[in-house]
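3 is the number of the first residue of the sequence shown in this note's numbering; add one for each residue after it.
Virtual Cβ for every residue (Gly too), placed ideally from N, Cα, C.
Since the structure comes first, as structure tokens, the remarks are kept for the end.
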Amino acid sequence: MPPEPLITDPASDLLSNATDALTTQLPAALQFGDLAALGLVSWTPAGLVRLSFEVINVATGLPWFWTIVAGSLFWRAILFPISIRSLQNSSRMLPIQPKIKKLQDEMAIVRKSGDQLAMQRLALRVRKTYQDAGVSMLATALVGAAEMDLTSRPEMGHLMNAFRALSVLGIFVMANFPSGLMVSLITTSGITALQSWALQRPKVRASLNIPQVPVEARGKLPTPMESVNFVIAKWRAKIEEAKESQRRSRQ
């Protein structure tokens, strides 16, 4: 009696073929030292990030999607204490910014006169003002605190609005980024937004010893239309300066 022909399920065959194709095209699992052998690991920040991704991937066996997510969260956690320290200092510095601005203006005037003794006195007053407020300039410099400049340099607010506009245009650029880089950017952006929201809560700030900034000391960002008018006014002022310079050169 001849054997009965095997009846195959087309769906099962399709799934099996797809699985075989996927597994054969997957890159080989990393081993410790693979990225170093490729010259991708070094003592630079980028090299250390790649090394951490390799360690996470090999030690946990996670797929690369979750390796990138875990690595991004890891480095965000590493930088978290530095961010908190900088925020503590910037929050203490905002209330004294008008006083610092006044001293800096006095120093600019004295610098032109060449009075070194007066310069030293003003420098000591600035340092004492920082010390009395509990501000560490080194810690503040670790992470840029652009919001401090909003009270003393209003143009910084317009610059921040420009960055916001560029970030929207950057969507079209990021559309061509590699998928791994996009996963890292989205993860970092998400945790940054969550961190910013949490650090605005009074209880969280109190637990982390971050002073509450008085309302009158907070910088206020201009509206987009105010930024547009600012650029137009600056452009017109530059044109007038150029015309005035031409008139003087003809005389």
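Alpha-carbon spacing of residue i relative to residue j, whole angstroms
{"i": "Arg113", "j": "Gly136", "result": "27 Å"}
{"i": "Ser44", "j": "Arg52", "result": "9 Å"}
{"i": "Thr62", "j": "Phe34", "result": "12 Å"}
{"i": "Pro83", "j": "Ser247", "result": "52 Å"}
{"i": "Thr131", "j": "Gly116", "result": "23 Å"}
{"i": "Leu251", "j": "Lys245", "result": "The sequence given here has Ser at residue 251, not Leu. Ser251 and Lys245: Cα-Cα distance of roughly 10 Å."}
{"i": "Gly192", "j": "Ser93", "result": "24 Å"}
{"i": "Arg87", "j": "Leu210", "result": "9 Å"}
{"i": "Leu75", "j": "Gln122", "result": "46 Å"}
{"i": "Ile58", "j": "Leu89", "result": "30 Å"}
{"i": "Arg238", "j": "Pro204", "result": "44 Å"}
{"i": "Ala177", "j": "Ser169", "result": "13 Å"}
{"i": "Ser186", "j": "Pro213", "result": "32 Å"}
{"i": "Leu64", "j": "Leu40", "result": "21 Å"}
{"i": "Gly172", "j": "Glu242", "result": "34 Å"}
{"i": "Trp68", "j": "Ala200", "result": "24 Å"}
{"i": "Leu96", "j": "Leu196", "result": "23 Å"}
{"i": "Glu56", "j": "Leu37", "result": "7 Å"}
{"i": "Asp107", "j": "Lys240", "result": "24 Å"}
{"i": "Lys236", "j": "Val230", "result": "10 Å"}
{"i": "Val60", "j": "Arg207", "result": "37 Å"}
{"i": "Leu42", "j": "Gly49", "result": "6 Å"}
Assigned secondary structure, residue i (DSSP; H/G/I helix, E/B strand, else coil)
{"i": "Asp134", "result": "helix"}
{"i": "Arg203", "result": "coil"}
{"i": "Gln99", "result": "helix"}
{"i": "Ala177", "result": "coil"}
{"i": "Asp107", "result": "helix"}
{"i": "Pro83", "result": "helix"}
{"i": "Leu210", "result": "coil"}
{"i": "Ala148", "result": "Low confidence applies here, because Ala148 scores a pLDDT of 42, under 50, leaving its location unreliable and the question unanswered by this model."}
{"i": "Gly73", "result": "helix"}
{"i": "Gly172", "result": "helix"}
{"i": "Gly116", "result": "coil"}
{"i": "Leu223", "result": "coil"}
Reference residue i; option with closest CA among the options
{"i": "Asn91", "options": "Phe34, Thr225, Val233 and Val215", "result": "Val215"}
{"i": "Leu223", "options": "Ala48, Thr194, Arg166 and Ile86", "result": "Arg166"}
{"i": "Pro47", "options": "Ile80, Met109, Gln122 and Ile212", "result": "Ile80"}
{"i": "Arg78", "options": "Asp107, Glu243, Ile188 and Gln133", "result": "Ile188"}
{"i": "Lys104", "options": "Leu124, Ala120 and Gln118", "result": "Leu124"}
{"i": "His160", "options": "Pro100, Thr225 and Leu126", "result": "Thr225"}
{"i": "Phe232", "options": "Leu119, Ile111, Pro65 and Ala164", "result": "Ala164"}
{"i": "Ser85", "options": "Ser198, Pro97 and Ala235", "result": "Ser198"}
{"i": "Leu183", "options": "Asp134, Ala200, Ile70 and Leu50", "result": "Ile70"}
{"i": "Asp134", "options": "Ile98, Ala200, Val230 and Glu242", "result": "Ile98"}
{"i": "Met162", "options": "Leu196, Glu243 and Glu228", "result": "Glu228"}
{"i": "Gly73", "options": "Thr190, Arg249 and Leu126", "result": "Thr190"}
{"i": "Arg127", "options": "Lys101, Ile111 and Ala110", "result": "Lys101"}
{"i": "Ser181", "options": "Val60, Arg207, Arg249 and Trp66", "result": "Trp66"}
First and last residue of the uninterrupted alpha helix (DSSP H) at residue i
{"i": "Thr194", "result": "Ser181 to Ala200"}
{"i": "Val43", "result": "Counting along the chain, Val43 falls outside any alpha helix (DSSP H), and DSSP gives it neither H nor E."}
{"i": "Val215", "result": "Counting along the chain, Val215 falls outside any alpha helix (DSSP H), and DSSP gives it neither H nor E."}
{"i": "Asn59", "result": "Pro47 to Thr62"}
{"i": "Phe34", "result": "Looking at the DSSP string, Phe34 is not in any alpha helix (DSSP H), and its letter there is neither H nor E."}
{"i": "Ala231", "result": "Note that residue 231 corresponds to Asn in the displayed sequence, not to Ala. Residues Pro226 to Arg252."}
CB contact check: residue i to chain D, cutoff 8 Å
{"i": "Ser88", "result": "Absent from the structure: chain D. Only one protein chain is present."}
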